[in-house]
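S.K.: Last residue of the sequence shown? That's 795 in this note's numbering, and every number before it is there in order. Glycine residues also receive a C-beta, built at the ideal position from the N, C-alpha and C atoms. Let me give you the structure first, and then I'll get to my questions.
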Amino acid sequence: MKFVRASSALVFAIALVLLPGTIAAQGTMADYERAQSVNQSLDGLVLNSPSAATWIEESNRFWYRLTVEGGEEFMLVDAESGERAHAFDHEHVAAALSSASGRDISAVDLPFNSFEFLDGETAIGFSMQGDSWRCELDRSSCERWDPPEDEADESEDDDVPSDVRASPDGEWWAFIHNYNVAIRRAGEEDFRMLSWDGSEGNYYTLNSMRWAPDSEKLAVYRRVPGYDRQIPYIESAPDDQLQPLHWTRSYRKPGDVVDKDRPVIFNLALDEQFIVDDELFPNAYGLQRPHWHEDSRGFVFGYNERGHQVYRMIEVDPTNGNARTLIEETSDTFIHYSGYLDLHYVDDGRELIWLSERDGWNHIYRYDGETGQVINQVTDGEWVVQEIERVDEENQQIWFTASGMNTDQDPYHTHYYRINFDGTGLTHFTEADGNHQVSWSDDGEYYVARWSRVDVPHVAELRRTSDQSVVMELGRGDYSRMEAEGWTPPEVFVSTARDGETDIWGIIVRPTNFDPNRTYPVIEYIYAGPHSSFVPKNFTTGGGMLALAELGFIVVQIDGMGTSNRGKEFHDYAWQDVGDAGFPDRILWHEAVAAEYDWYDTSRVGIYGTSAGGQSSTGALLFHPDFYDVAVSFVGCHDNRMDKIWWNEAWMGWPLGPHYSESSNVDNAHRLQGNLLLMVGELDTNVDPQSTIQVVDALIDADKDFDLLYMPGLGHSSGGSYGTRKRNDYFVEHLLGVTPPRWNRDATTDAENSAPGGAGDVYPNVRDAELDAWMEIPAEELDPEVFDPHAW
């Protein structure tokens, strides 16, 4: 049952006396000061922690960084001999660089974390403060340096204009003229038209244009454009003028009419134009750009049907324009096309390696490219193939990463494997209980396996590929010095989901002055986008979550049902219900922690998030007011009809229906019971900022109390340092019942000068902090001409 808050000042005063461990010394100025400095105070305290390895081309040697007292050192390893030494003389480089730059540079705190050997390893080159530098190792001298052009960057097409597409033999340039396709001899002005049927409303697109390898055939898409929705923006306080600026940008939303592309083939050898019949792709959300076979016998493209429940790989014969289906995927819910689908060509497409969730788990399938029939399912089991790293045609082997195969470990941990085309010979290259990253030598004879867990610092080992034996340990992080500062690693906690069977994984972050005899309000950091999973799996001090915890909270993060990397059934909880956000599982997880620990106070629960997390954090108060009390929501996509088309139709489906309204924070704003702070940047180009304003309008209509921070000039972000301070203050006030510091007081007479937001702490101008989240593809990349999620 929820804690019932008494409003009487007398009751509050008695609580202060009787329950000092519950309320006192939380949210104090000392807590604020510690929150500001805690991550900096822990920086560099983990010793012997190895970085990822960087292999030196055409050798079995690599370098990596290793943390030491005061900084890091660069180590060089010869895998064949097993020898390890410093990559160069750090003292000499530091002295030479100090002399050349006028800076005081330490040997264990060199101002670069990457370098390359030059001139037979007699020198090193690196970047420092935006400039390129070169240090001679034999003479211990350093100077600014203008690196030579990389030969790989010197293209033979430097003289080819950007508005043409050159044929592979270099003889022809194809381009768009008056909405049609034309060609001319390379470098010449005279041209001839290949098409005459293009127009303003039915035009050929340059970016889709692909020559066949034989230079005799050209595939191009002809497009009937969809609805060009324009979002208006007002920049209230531009840097360079007094008056506001107004501009618009194209931004397609769920339900909008999308572009309709039709493949057209120009067969120059036959002097024929073939318009491909669209029977196999009648209702495209988008077509993948053409991929020609090396022998030019045809090209392949992906067809993603509107609604994301049908996906086909289609092959076209350029001698007649006929199309056939190579691979077809269907789903009653959604196909995770932007995350899992992947195609690899074997023997120039006569065999195909394909990823699919058709059996409920993402696995590898082998297809006959001539018949379109499955030869065999290569991998199977209740675990997830994450990525195909490499297909080795010669040895008929597939190298891939996967999670969940080790049933005694966290099912999200990444491991590395190899398997034969026929499904035999599964080889495990990693086995430690952690999240792995592997880098291979150029010849594949050796690899460095580096792993960690959220509560275990990085470990790295050099291994032989042939038998996975360990050649040497490269480093094993030690965080004992952080423990001496009161820090404890985040705790991994597992509970049971709403189905009574599935494990739900999350982490618990405690403050460094944690006292188990107190009780702590709980704050959940949420991001529940169905496109991935989000709880950290690599070693972390806690970062921003730890800084927030220092104010007197327990801060947690959870992956509930509806997120990916746990199988199709787990993922499908998001189908047409993004508003679910895994909350039934999250609440059960919180309650399980509370049952385990008396200090975990589920009568005071806050939640915060950005973007999709902004939608979910507000939704927590609207749909689960009996559990969540306070929310801070940054730049939320509060109604899935207002946000970018690809992301929202991927999970909520098409056509639109009443389920969109059921997940909407706008349509459900009248349900608000807790304390809500909304933050939005007026120049958010990832999520339409009016989505937040529409929530505001609905809350006013419902006569609800709430708080709003409207940030001029801000893009898609959490508000920078100012937004973080406002979030922290909101939780201190509404979860701890403590009045936050008065940050506007005279800094010269107030100790608040040293606290976050005080006059002594310079906060950056966040106007240019346009941070399109890595997990959300920008709207301008919706066009398949610009964005190819599969990069086939």
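With a 10 Å radius around its C-beta and 16 neighbouring C-beta atoms as the bar for buried, classify residue 627 as buried or exposed.
M.R.: Walking along the sequence shown from the start, residue 627 turns up at place 624. Burial call: buried.
S.K.: Taking only runs that begin and end inside the stretch 170-216, name each unbroken beta strand (DSSP E) of 3 or more residues, in chain order.
M.R.: You should have 175-180, 183-188, 194-196.
S.K.: Of the choices 379, 301, 429, 401, whose alpha-carbon is the least far from that of residue 352?
M.R.: The residue you call residue 352 lines up with position 349 of the sequence shown. Residue 352 has its Cα closest to that of 301, out of 379, 301, 429, 401.
S.K.: Considering only residues of the same chain and omitting the five flanking positions on each side of residue 710, which have a CB-CB separation below 6 Å?
M.R.: In the sequence shown, counting from the first residue as 1, residue 710 sits at position 707. The answer, listed in chain order, is 680.
S.K.: What is the residue span of the alpha helix (DSSP H) that residue 728 lies within?
M.R.: Stepping through the sequence shown from its first residue, residue 728 is reached at position 725. Its alpha helix (DSSP H) spans residues 723-734.
S.K.: Counting only the same chain and skipping the five closest in sequence on each side, list residues whose C-beta sits under 7 Å from that of residue 392.
M.R.: By 1-based counting over the sequence shown, the position of residue 392 is 389. Here the set comprises 402, 403, 404.
S.K.: Taking just the CA atoms, how far does residue 259 sit from residue 614?
M.R.: Numbered from 1 along the sequence shown, position 611 holds the residue referred to as residue 614. Numbered from 1 along the sequence shown, position 256 holds the residue referred to as residue 259. Distance between the alpha carbons of residue 614 and residue 259: 21 Å.
S.K.: Could you give the residue range of the alpha helix (DSSP H) that holds residue 538?
M.R.: For this step, residue 538 is matched to residue 535 along the sequence shown. Segment: none, residue 538 is in no alpha helix (DSSP H) and carries neither H nor E.
S.K.: Can you tell me whether residue 475 is buried or exposed? The criterion is at least 16 other CB atoms within 10 Å of its CB, across all chains shown.
M.R.: Within the sequence shown, the letter at position 472 stands for residue 475. It is exposed - the Cβ of residue 475 has fewer than 16 other Cβ atoms within 10 Å.
S.K.: Out of 360, 333, 600, 232, which has the shortest C-alpha to C-alpha gap to residue 805?
M.R.: Nothing about residue 805 can be read from this structure; the chain reaches only from 4 to 795.
S.K.: In whole angstroms, what separates the C-alpha of residue 612 from that of residue 374?
M.R.: Numbered from its first residue, the sequence shown carries residue 612 at position 609. Numbered from its first residue, the sequence shown carries residue 374 at position 371. Answer to the nearest angstrom: the Cα atoms are 48 Å apart.
S.K.: With distances taken from CA atoms, which of 239, 287, 270, 234 is nearest residue 226?
M.R.: As a first step, residue 226 is located in the sequence shown; it is residue number 223 there, counting from the start. Here the closest residue by C-alpha is 287.
S.K.: Less than 8 Å between the C-beta atoms of residue 174 and residue 202, yes or no?
M.R.: If you number the sequence shown from 1, residue 174 lands on position 171. If you number the sequence shown from 1, residue 202 lands on position 199. No. Outside cutoff.
S.K.: Assign residue 589 to buried or exposed, taking buried as 16 or more other Cβ atoms, counted over all protein chains shown, within 10 Å of its Cβ.
M.R.: For the purposes of this step, residue 589 is identified with residue 586 of the sequence shown, where counting begins at 1. Burial call: buried.
S.K.: Assuming residue 440 and residue 509 make a contact with CB atoms under 8 Å, what is their CB distance in whole Å?
M.R.: Walking along the sequence shown from the start, residue 440 turns up at place 437. Walking along the sequence shown from the start, residue 509 turns up at place 506. Actually they are not in contact, since the Cβ atoms of residue 440 and residue 509 sit about 22 Å apart, beyond 8 Å.
S.K.: Please list the terminal residues of the continuous beta strand (DSSP E) segment that includes residue 510.
M.R.: Mapped onto the sequence shown, residue 510 falls at position 507. Looking at the DSSP string, the run of the beta strand (DSSP E) that includes residue 510 is 506-512.
S.K.: Residues bridged to residue 566 by DSSP?
M.R.: Sequence index remark: in the sequence shown, residue 566 carries index 563 (1-based). Residue 566 pairs with 564.
S.K.: Have a look at residue 778 and residue 667 and give me their C-alpha separation to the nearest angstrom.
M.R.: Counted from its first residue, the sequence shown places residue 778 at position 775. Counted from its first residue, the sequence shown places residue 667 at position 664. Because residue 778 sits at a pLDDT of 32, beneath the cut-off of 50, its placement in the model cannot be relied upon, and the following sentence gives the value as read from the coordinates. For residue 778 and residue 667, the distance between alpha carbons rounds to 21 Å.
S.K.: Check this for me: beta carbons of residue 610 and residue 526, under 8 Å apart or not?
M.R.: Here residue 610 refers to the residue found at position 607 of the sequence shown. Here residue 526 refers to the residue found at position 523 of the sequence shown. A contact, by the Cβ cut-off of 8 Å.
S.K.: For residue 479, which three-state DSSP category applies?
M.R.: Locating residue 479 in the sequence shown gives position 476, where the first residue counts as 1. Looking at residue 479 - three-state DSSP - the assignment turns out to be strand.
S.K.: Helix, strand or coil for residue 628 per DSSP?
M.R.: Translated into the one-based positions of the sequence shown, residue 628 becomes position 625. Looking at residue 628 - three-state DSSP - the assignment turns out to be coil, as it is neither helix nor strand.
S.K.: For residue 176 and residue 729, I'd like the C-alpha separation in whole angstroms.
M.R.: Indexing the sequence shown from 1 puts residue 176 at position 173. Indexing the sequence shown from 1 puts residue 729 at position 726. Near 57 Å, if we compare the C-alpha coordinates of residue 729 and residue 176.
S.K.: Can you tell me whether DSSP reads residue 316 as helix, strand or coil?
M.R.: Locating residue 316 in the sequence shown gives position 313, counting from the first residue. Strand at residue 316.
S.K.: Could you check what DSSP says for residue 270 in three-state terms: helix, strand or coil?
M.R.: Translated into positions along the sequence shown, residue 270 becomes position 267. Strand.
S.K.: Work out the CA separation of residue 249 and residue 242 for me, nearest whole Å.
M.R.: As a position in the sequence shown, residue 242 is number 239, starting the count at 1. As a position in the sequence shown, residue 249 is number 246, starting the count at 1. About 14 Å.
S.K.: If you scan the stretch 659-739 from start to end, which runs of the alpha helix (DSSP H) of 4 or more residues do you find wholly inside it?
M.R.: You should have 661-665, 693-704, 723-734.
S.K.: Name the DSSP beta bridge partners of residue 131, please?
M.R.: On the sequence shown, residue 131 is found 128 positions in, with the first residue counted as 1. According to DSSP, which records beta bridges pairwise, residue 131 is partnered with 134.
S.K.: Looking only at C-alpha atoms, which of 98, 101, 372, 678 sits nearest to residue 630?
M.R.: Position 627 of the sequence shown holds residue 630. Checked all of 98, 101, 372, 678; the closest Cα to residue 630 is 678.
S.K.: Can you tell me the Cα-Cα spacing of residue 269 and residue 182, whole angstroms?
M.R.: Against the sequence shown, residue 269 aligns to sequence position 266. Against the sequence shown, residue 182 aligns to sequence position 179. Rounded to whole angstroms, residue 269 to residue 182 spans 15 Å at the Cα level.
S.K.: Could you spell out the range, first to last residue, of the alpha helix (DSSP H) harbouring residue 35?
M.R.: Numbered from its first residue, the sequence shown carries residue 35 at position 32. Note, residue 35: alpha helix (DSSP H), 32-45.
S.K.: How is residue 1 classed by DSSP in three states: helix, strand or coil?
M.R.: In the structure as shown, the chain starts at 4 and stops at 795, and residue 1 therefore has no counterpart that could be examined.
S.K.: Of all the options 180, 637, 124, which has the alpha carbon lying nearest to the alpha carbon of residue 192?
M.R.: In the sequence shown, residue 192 corresponds to position 189, counting from 1. Nearest C-alpha to residue 192: 180.
S.K.: Could you give the C-beta distance for residue 682 and residue 622, rounded to a whole number, given that I count them as a contact under 8 Å?
M.R.: Numbered from 1 along the sequence shown, position 679 holds the residue referred to as residue 682. Numbered from 1 along the sequence shown, position 619 holds the residue referred to as residue 622. So it is not a contact: roughly 16 Å between Cβ atoms.
S.K.: Tell me where the alpha helix (DSSP H) around residue 395 begins and ends.
M.R.: Numbered from its first residue, the sequence shown carries residue 395 at position 392. Per DSSP, residue 395 belongs to no alpha helix (DSSP H); it is in the beta strand (DSSP E), 387-395.
S.K.: Roughly how many angstroms lie between the CA atoms of residue 433 and residue 281, to the nearest whole one?
M.R.: Here residue 433 refers to the residue found at position 430 of the sequence shown. Here residue 281 refers to the residue found at position 278 of the sequence shown. So the alpha carbons of these two residues sit roughly 46 Å apart.
S.K.: Return the residue from the list 133, 119, 194 that minimises the CA-CA distance to residue 127.
M.R.: For the purposes of this step, residue 127 is taken as the residue at position 124 of the sequence shown. For the residues 133, 119, 194, the minimum Cα distance to residue 127 belongs to 119.
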